Structures are given as C-alpha cells and as structure tokens.
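Remarks on the structure that follows.
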Amino acid sequence: MSTWRSWPRTRTATLAPTWPRFAPRRRCNASATIDAEILNSTFITNDHLKTALVGTNPSALGETVVEVPNVSWTDIGGLEGVKRELQETVQYPVEHPEMFEKFGMSPSKGVLFYGPPGCGKTLLAKAIANECLANFISIKGPELLTTWFGESEANVREIFDKARQSAPCVLFFDKLDSIATQRGGSSAGDAGGAGDRELLTEMDGINAKKTVFIIGATNRPDIIDSALLRPGRLDQLIYIPLPEEASRLQIFKTCLRKSPLAGNFDLAGGIQWRGHHRDLPASVQVRHP
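Residues -3 to 285 in my numbering are what the sequence shown lists, from first letter to last.
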C-alpha cells in the first residue's frame, strides 16, 4: 500500500465512495440495465481500487498550477532598486552559473519579501520567474495547513516535489508567517509548527542540480522563524515599500500605457490628487478613479 503514503486523510475519504460504481461495470455492458441478481453478487475488489486510483489526484494540492508568467519588468512601475537586487540574486546565478562556480560561490536559495500589503510582492515574483524563463508556483501558507496529523508536512513535501519536477522554478509562498512563525508562537498551533519544520527540511534538501528558487512574502517579518532566515535558506530580506510620488507616477504610466488618453490629460496632477489614497494599490486607483 505504498501508493497511499502521500494521500491525506480527506482525499482518501473522498476517493473511497467512487469504488463501488466500478464494480457493476465489470459484470455487464455499460448501456445495459443492471440486473438485481448481478448487483447482489457483486463485490469490490483490488482491481476496482486500482481503476479508481487512475486519474485521481493524490492530494488537495493537485490543483496547484504550474505556470509560465507573462509579467515582465516593464509591467512593474517603480521599485528599480528591488528589481536590480532580484536580478543579482536570482537571475544572474541562473544565466551565469559558470561564473559562480569559477569563484566558488553558492547562489542564494531564496529571499523574503516584506512590507505593507498591496505593494507588488506577487507581481515581482512572477516577473523574476519570467525573466529567468522559469516556471512559477504560487501557494498561500494557510492552504498547506490542515488539522489532520501529518497532512501539513505532506502538503509541504508535495509542493516542493512539484517545484523540483518543474525546475527551473520559482516557488512563491504568500503569507509565509502562517506556517513559519517563531518557535512556540504559531497561531496555527501544531499544524503550523509541523509545516515550519518540514519547510526547513525541504529547503535544506534543495541542491544546485535542481534550480528551485524560493520567495517568501509576509507583512509580519518580526514573527517569522529566525531559523528560516539563516544562510542557505531565505537569507536575504528585501523590503517592498509603499510607492512614493515618483513611483506612483511610473505605476500609473504603466497601467495606462495601452489606454487612449486625452491630449490635456494631466497625469502628474492626478497623482498628487490621489495622494490621500496611499493605503490603496496604485493599480486599483487606476481601475477605480
């Protein structure tokens, strides 16, 4: 029964009711009426189980999408310093691995984005994946947590397995603080602590042969487990700030670059007028003037 090792309890429970419907099919034609005598003499066998297993995802994470993002640096207004830092940290090791090997340098395995919500963390992660011609997997921390014993760890293992199979891949953990809080301070209880331990184990298991880069995102860097921020893990912290006026202007230009604008349209004046909406992402302000 080794097939079942990666099957969480909830998915196993949903699979079992599908077994009986395969049994009568073996005894009669699909279009024929099933005789009561046949039904009474029909039993579920191992063959029915194998039939049900085919085409069934072994985990709730089976729906996790591996995508190739179409977001580029030109789609992101402002944040020029962050872009340069990501290029040096992620893009250069992917494009020039021989240089790192020549100087005996090990490329970083991951970074942590932190800052207020709505400042472009996900967009930046997609853009760097696109620039590196890498696949992109995005997962929200709470999606990995369950109350069933052992399932949170299994979910973490599965998402890393999928990333390794999709290498080169950027694995993006949004709301990382939900599964990687400081020891003894997990708001998710035992599930969060177990997920954190498995996350550390999986990160330590990533090697240079499998190009998987990890990006975590959080609004609360103060509660992230310090073990996750040690060298060889998420050892670089990148602050994603609220946009200042110049960056807001660049964001508006980016969002409106395909829109027809009146000749007397005063974009700079609009930016100043929108200054009191600093708590809203600039792209939202464009869509909802």
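Idealized CB from N, CA, C, for every residue including glycine. Fair warning: this is a prediction, and the values are worked out from it, not measured in the lab.
| Check | Outcome |
| --- | --- |
| Straight-line Cα distance separating Thr250 from Arg153 | 38 angstroms |
| Beta-bridge partners of Gln87, as assigned by DSSP | None; Gln87 has no bridge partner. |
| Simplified DSSP assignment, three categories, for Thr60 | coil |
| 7 angstroms Cβ shell around Thr85 - same chain, five flanking residues per side excluded | Ser104, Val107, Gln232 |
| C-alpha distance - Gly77 paired with Gln161, whole-angstrom precision | 32 angstroms |
| Chain-order list of residues whose beta-carbon lies under 6 angstroms from that of Gly73 (same chain, five-residue window excluded) | Gln246, Ile247, Thr250 |
| Segment limits, beta strand (DSSP E) that includes Ile234 | 230 to 235 |
| Ser148, buried or exposed, once every other Cβ within 10 Å from all chains shown has been counted against 16 | buried |
| Cβ neighbour criterion (16 or more within 10 Å) applied to Gly100 | exposed |
| Environment of Asn126 [buried if 16+ CB atoms lie within 10 Å] | buried |
| Distance CB(Pro65)-CB(Phe156) smaller than 8 angstroms | no |
| Candidates Pro256, Glu241, Ser255, Pro237, of which the one nearest Gly111 by Cα | Pro237 |
| Pick from Lys122, Gly114, Leu196, Arg226 that is closest to Lys79, judged by C-alpha positions | Lys122 |
| Element boundaries [alpha helix (DSSP H), containing Asn131] | No alpha helix (DSSP H) holds Asn131; the beta strand (DSSP E) holding it covers 131 to 136. |
| Closest Cα partner of Glu139 within the set Asn151, Ala130, Gly146, Phe145 | Asn151 |
| Uninterrupted alpha helix (DSSP H) stretches inside the stretch 89 to 163 (no shorter than 4 residues) | 93 to 98, 117 to 127, 147 to 161 |
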